[in-house]
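First residue of the sequence shown? That's 0 in numbering that gives the first Met the number 0, and the numbers climb one at a time after it. Below you'll find the structure, written out as structure tokens, and then a few comments.
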Amino acid sequence: MKTTDVRPVVITADNLSLGWARVLSELCKPGVNRLAPLTLTITGFDNRGKAAEVPAIRDAVDAFLDAQGRKDTENVAWTIFPQRYLELADGNRDAFFELFIESFQRVQEFNPRNNKRGSYFQRLVDLNGGGKGPNQLKWMLDDYDAHPKARRTSKFQATTFDPTRDYSAASLLEFPCLQQVSFVCNNGALAMNGFYATQQIARKAYGNYLGLSRLGAFMAHEMKLRFEQLNIFVGVAQMDIAKSDADLQALLKVVRPHLDAPQGAKVAA
0 MKTTDVRPVV
10 ITADNLSLGW
20 ARVLSELCKP
30 GVNRLAPLTL
40 TITGFDNRGK
50 AAEVPAIRDA
60 VDAFLDAQGR
70 KDTENVAWTI
80 FPQRYLELAD
90 GNRDAFFELF
100 IESFQRVQEF
110 NPRNNKRGSY
120 FQRLVDLNGG
130 GKGPNQLKWM
140 LDDYDAHPKA
150 RRTSKFQATT
160 FDPTRDYSAA
170 SLLEFPCLQQ
180 VSFVCNNGAL
190 AMNGFYATQQ
200 IARKAYGNYL
210 GLSRLGAFMA
220 HEMKLRFEQL
230 NIFVGVAQMD
240 IAKSDADLQA
250 LLKVVRPHLD
260 APQGAKVAA
């Protein structure tokens, strides 16, 4: 039997900030605490695969996260795609993978409490940890280089969920919520899919979407394709903070004018 607490939602946006904001807005409606399922499609990437954003919204999200004592959007995005490491490797993907795998082992040793179970990107490039592999992204890219016209798109998928480690009776387990990513090549363009069991929309989702978009841009660049579309499927998108929370209300004061503005119109700061 349906209740007003849960409802399915489909959202399409050509701007990452506005896509996230529309999801948050849906959750802020009276009687709604979960969207189940949520399907969000983001387009509007530039020729480098960079997502369009509204700086004022992102700044407001980071201010909200700081007020909540949470990691900012860049920190959350890093867990899915460590952009800085790619820059340090001068864009060389093999050097990038090696640098991250080696560095993350030191990160785990330095802060085992927060990193002992790995990160999303770590599982994509070193699933078993400790440099033991497999590197799922490298396999896909090497295979695509060897067979760029292959038709079996099902091989371009990677898991972040490991049943041997992730089945747990714990009442609260924040990692991993992202279960899988997949990539679809078509007519010179790349679409990426991300699958979540659950997602915390206020505190995590913006950074999640940012990290996924950067991962998609990287894969498209390495495959010499245009990054065209990011699809995010969430089994249960959750309102992870009280709607009356003062920090959330301050965030919504910034977000709502951008949602209400006509397409293409600018909102005064």
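Ideal placement from N, C-alpha and C gives every residue a C-beta, glycine not left out.
Problem - Exposure label - S102; buried when at least 16 CB within 10 Å - result: By the 16-neighbour rule on beta-carbons within 10 angstroms, S102 is exposed.
Exercise for the section: May I have a chain-ordered list of the beta strand (DSSP E) segments no shorter than 3 residues that lie completely inside the region 32-56? Expected result: Entirely contained in the region 32-56, the beta strand (DSSP E) runs reaching 3 residues are, in chain order, 33-41.
Handout entry: Those residues which DSSP pairs with C184 across a bridge
Key = For C184, the pairing in a beta bridge is given by DSSP as L189.
Handout entry: T38 versus T72: straight-line alpha-carbon distance, rounded
Key = 21 Å
Practice task
Could you say which of V233, M139, V235, K252 lies nearest to K242 if we only look at CA atoms?
Solution key: K252
Practice task
Answer yes or no: do G215 and A76 have a C-beta to C-beta separation smaller than 8 Å?
Solution key: no
Problem - Local conformation of L214 per DSSP, three classes - result: In the displayed model, L214 falls within a helix according to three-state DSSP.
Practice task
Examine the Cβ distances between the region 52-62 and the region 28-36 and report whether three or more of them are shorter than 8 Å.
Solution key: no
Practice task
Flag this pair as yes or no: are the beta carbons of Q179 and T159 separated by less than 8 Å?
Solution key: yes
Practice task
Keeping to the same chain, check which residues put their C-beta closer than 7 Å to that of I100; ignore five residues upstream and five downstream.
Solution key: V124, D125, G130
Handout entry: Cβ neighbour criterion (16 or more within 10 Å) applied to G48
Key = Burial check for G48: the Cβ neighbour count within 10 Å reaches 16 or more, so the residue is buried.
Problem - Strand pairing of I240, partner residues [DSSP] - result: Answer is none; I240 lacks a bridge partner.
Exercise for the section: Mark A145 as exposed unless 16 or more other C-beta atoms lie within 10 angstroms of its C-beta, in which case mark it buried. Expected result: Under this definition A145 is an exposed residue.
Handout entry: Continuous beta strand (DSSP E) stretch holding A201: start and end
Key = Premise fails: A201 is in no beta strand (DSSP E) and is neither H nor E.
Handout entry: Limits of the unbroken beta strand (DSSP E) element including P7
Key = 5-12
Practice task
My understanding is that L23 touches A201, with C-beta atoms under 8 Å, so please give their C-beta distance in whole angstroms.
Solution key: 7 Å
Practice task
Can you tell me which of D93, I10, P7, A20 puts its alpha carbon nearest to the alpha carbon of K203?
Solution key: A20
Handout entry: Closest by C-alpha distance to A149, when choosing among L177, V183, Y119
Key = V183
Problem - Assigned secondary structure, Q67 (DSSP; H/G/I helix, E/B strand, else coil) - result: For Q67, the secondary structure class from DSSP, reduced to helix, strand or coil, is coil.
Exercise for the section: Spatial neighbours of L15 within its chain, please: CB distance less than 7 Å, with the 5 preceding and 5 following residues excluded, ordered by chain position. Expected result: Cβ neighbours of L15 beyond the five flanking positions: I41, A50, A51, E52, Y208, L209, S212.
Handout entry: Cβ-based burial, A264 [other Cβ within 10 Å; buried from 16]
Key = Low confidence applies here, because A264 scores a pLDDT of 43, under 50, leaving its location unreliable and the question unanswered by this model.
Problem - Nearest neighbour of A12, chosen from P162, M238, F232, Q228 [CA to CA] - result: Q228
Practice task
Helix, strand or coil for L177, going by three-state DSSP, please let me know.
Solution key: strand
Problem - Exposure label - N134; buried when at least 16 CB within 10 Å - result: buried
Practice task
Mind checking who Q228 pairs with in its DSSP beta bridge?
Solution key: A190
Exercise for the section: Sort V8, A88, M218 by Cα distance to N192 and report the nearest one. Expected result: M218
Problem - Beta-carbon proximity list for H220, same chain, < 7 Å, skipping 5 on both sides - result: G48
Handout entry: Residue of D65, A157, V8 minimising C-alpha distance to P36
Key = V8
Exercise for the section: Would you identify the three-state DSSP class for A267, choosing helix, strand or coil? Expected result: The pLDDT assigned to A267 is 48, lower than 50, so where the model puts this residue is not dependable; a value taken from the coordinates is nonetheless given after this. A267: coil per DSSP, three-state reduction.
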